[in-house]
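J.: Note that full-length UniProt numbering gives residue 73 to position 73 of the sequence shown, counting from 1, and the numbers run on in steps of one.
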Amino acid sequence: MSESDKRSRRGKSFLLGLGLDGRDGQKRITRADRFSVVGGSEETHEKIAETFIKTCEDLKRKGRDLDDADPREISDLLDKHLR
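1) Looking only at its own chain, which residues have a Cβ that is under 6 Å from the Cβ of Asp-58, when we skip the five neighbours before and after it?
2) My output table needs one value for Phe-52: the three-state DSSP class, helix, strand or coil.
3) Which residues does DSSP pair with Leu-16 in a beta bridge?
4) Among residues of its own chain, excluding the 5 on either side of Ala-69, which ones have a beta-carbon nearer than 7 Å to its beta-carbon?
5) Could you say which of Arg-34, Thr-30, Thr-55 lies nearest to Glu-42 if we only look at CA atoms?
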């Protein structure tokens, strides 16, 4: 099976961030084309969204997107931006 066949079978890759530390009663939701962030404190929510944005930008600079990248590469980029 070719790589393009595998991608079309899998569909679009998508990042989902869940913040579990929200205690202020606010309902935070950020949606973008390739990711969503739900919940969390203001700080956590912003950090997750920023991490996803930077990860997608890094991939774009390399001429790829979430569908083209190896899961390990995505994980490494996410880790890099969370520090």
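Cβ atoms here follow ideal geometry from the backbone N, Cα and C, with glycine treated the same way.
T.: Taking the geometry as given:
1) The beta carbon of Asp-58 lies closer than 6 Å to those of Leu-77 in the same chain, with the five residues before and after it left out.
2) Correct three-state label for Phe-52: helix.
3) For Leu-16, which the question treats as bridged, DSSP gives the partners Ser-36.
4) Excluding residues within five positions, the ones whose Cβ falls inside 7 Å are Leu-59.
5) Closest by alpha carbon: Thr-30.
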